[in-house]
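Undergrad: Take the sequence shown: its letters are residues 0 to 316, numbered as in numbering that gives the first Met the number 0. Positions of the beta carbon are idealized from the N, C-alpha and C atoms, including for glycine.
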Amino acid sequence: MRFTTSYNPTISFAVVLACVLLAIACRKDNNPVVISEKKQQRFQLPQGNSAFDTKIVDYYNRYNSYILYKFSDIDFNYAFSYNLADPPNGNITPRTGPVLIRCGDSIAIQSALDFMEQYWFSFYPEDFKKRCLPSKILLAGLIYNTTWNATAKIYDTPRVNPVTIPIEGADHITLPKIDTAFNSYSLSNKLLLKSQLNRTFLKHLMYPSISTMPPLVPLPDQFHKISDYTLGVLTNANKYKYGFLTVYAGNRSPDPMTDMVNYLDTICTKPKAALDAWMLNPNVDSLGFTRRKYDLLINYFKNNYNVDIQAIGNKQD
0 MRFTTSYNPT ISFAVVLACV LLAIACRKDN NPVVISEKKQ QRFQLPQGNS
50 AFDTKIVDYY NRYNSYILYK FSDIDFNYAF SYNLADPPNG NITPRTGPVL
100 IRCGDSIAIQ SALDFMEQYW FSFYPEDFKK RCLPSKILLA GLIYNTTWNA
150 TAKIYDTPRV NPVTIPIEGA DHITLPKIDT AFNSYSLSNK LLLKSQLNRT
200 FLKHLMYPSI STMPPLVPLP DQFHKISDYT LGVLTNANKY KYGFLTVYAG
250 NRSPDPMTDM VNYLDTICTK PKAALDAWML NPNVDSLGFT RRKYDLLINY
300 FKNNYNVDIQ AIGNKQD
């Protein structure tokens, strides 16, 4: 006698389903299935188990900005605003050897966080920080190049950067020399760093280091319409009359970007009373150009971003 067996897919599916349900029923209640969440962080936080690591995680949760004291050279150099061997014109010059970077010293990280809170973050409202703080804030140690000549390089921290001068990249602001000495910075050094850091931050927002990136803070339209950028008769005696804070070689006016950065630097450095007695004094600013540019810049940040940039310069303690 010949027997034949027919395949019934409905019955097979029912058997499999019953087995699955039985397995679930037999699982202990105190061992539920845990579904892992998709990781969206670019860097692992916290980087350690110190008290300051908790603060760093809090900053990330609030502003989506990584404060890193452990990182690689790639994190520093990735999408840099320019090749370190061929930077743009300005106060940064080429270097002939590799630029080496060390991570910040853990003994100074808390001091660095305290400094940033007091002299950087405190000047800007929460929504502004959430939108505008750089993707990465790197707390570095020494930064230097392996070969040396007499040309000043702000990156060469052992020789020409005795105070922490911030370094700007496409997606980061780096504070070098976060080491033991940072814990005992004098007030004058802190104020110098305060002005440099905030000037760099504001420039970072207005002039992205990669030209295809849209600025987070567009330039105020009228600022560059006040002074004549083709002048060739400037001197240190008459520069304020024409609304400039510096003079280029050949008695020429600075370019528009340098002019803006000069104003940001001065405002972040000097208290208002000093500016009133100096460059905003009608006897010095005889045409009123300097006052007009100053007022325009102050009001632009106040009215559009609720940021008082003069408060940065006013803070002298």
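Under the rule that 16 or more other beta-carbon atoms within 10 Å means buried, what is I55, buried or exposed?
TA: Its Cβ being crowded by 16 or more others within 10 Å, I55 is buried.
Undergrad: Inspect the beta-carbon positions of T268 and M278 and report whether they are closer than 8 Å.
TA: It is not a contact, given that the beta carbons lie outside the stated cut-off.
Undergrad: In whole angstroms, give me the CA-to-CA distance for A107 and L137.
TA: Each residue's Cα considered, the two are about 13 Å apart.
Undergrad: In angstroms with no decimal places, state the Cα-to-Cα distance between Y59 and I66.
TA: Using only the alpha carbons, I get a separation of about 8 Å.
Undergrad: For K129, which of Q315, I308, Y304 and L296 has the nearest alpha-carbon?
TA: For the residues Q315, I308, Y304 and L296, the minimum Cα distance to K129 belongs to Y304.
Undergrad: If you draw a straight line from the alpha carbon of G242 to that of G103, how long is it in whole angstroms?
TA: For G242 and G103, the distance between alpha carbons rounds to 41 Å.
Undergrad: Got a sec, what are the start and stop residues for the beta strand (DSSP E) H171 sits in?
TA: Segment H171 to L174, the beta strand (DSSP E) holding H171.
Undergrad: Which one or two residues does DSSP pair with D167 in a beta bridge?
TA: One point to set straight first is that residue 167 is Glu, not Asp, in the sequence displayed. DSSP lists I172 as partners of E167.
Undergrad: Skipping 5 residues on each side, what residues in its chain have a beta carbon closer than 8 Å to that of M0?
TA: For M0, the predicted model reports a pLDDT of 44, less than 50, meaning its position is unreliable and no value from the coordinates is stated.
Undergrad: Residue range of the alpha helix (DSSP H) that L274 falls in?
TA: L274 -> alpha helix (DSSP H) spans K271 to A276.
Undergrad: G96 to F51, Cα distance in whole Å?
TA: Unreliable positioning characterises G96 in this predicted model, as indicated by a pLDDT of 47, which lies under 50. A coordinate reading is not provided.
Undergrad: Can you tell me which of the three DSSP states I177 falls into?
TA: I177: coil per DSSP, three-state reduction.
Undergrad: Rounded to whole angstroms, what's the CA-CA distance from K292 to F222? Just pull it up for me.
TA: So the alpha carbons of these two residues sit roughly 6 Å apart.
Undergrad: Applying the criterion that 16 or more other CB atoms from any shown protein chain within 10 Å of the CB defines a buried residue, is G249 buried or exposed?
TA: Answer is exposed; the Cβ neighbour count stays below 16.
Undergrad: Just the Cα atoms here: how many angstroms apart are S49 and A272?
TA: Going by the C-alpha atoms only, they are around 42 Å apart.
Undergrad: Within the same chain, show all residues whose beta-carbon is closer than 7 Å to that of A310, passing over the 5 residues directly before and after it, in chain order.
TA: If we look at A310 and ignore the five residues flanking it on each side, its Cβ neighbours are F122.
Undergrad: Rounded to the nearest angstrom, what separates Y68 and L233 at their Cα positions?
TA: Cα-Cα distance, rounded: 45 Å.
Undergrad: If you count every other CB in all the chains shown that lies within 10 Å of the CB of Q315, and 16 or more means buried, which is it?
TA: Looking at its Cβ environment, which holds fewer than 16 other Cβ atoms inside 10 Å, Q315 is exposed.
Undergrad: Considering Y58, what are the terminal residues of the alpha helix (DSSP H) in which it resides?
TA: Looking at the DSSP string, the run of the alpha helix (DSSP H) that includes Y58 is A50 to Y62.
Undergrad: Hey, out of P207, F75 and Y239, whose CA is closest to M256's CA?
TA: Out of P207, F75 and Y239, P207 has the C-alpha closest to the C-alpha of M256.
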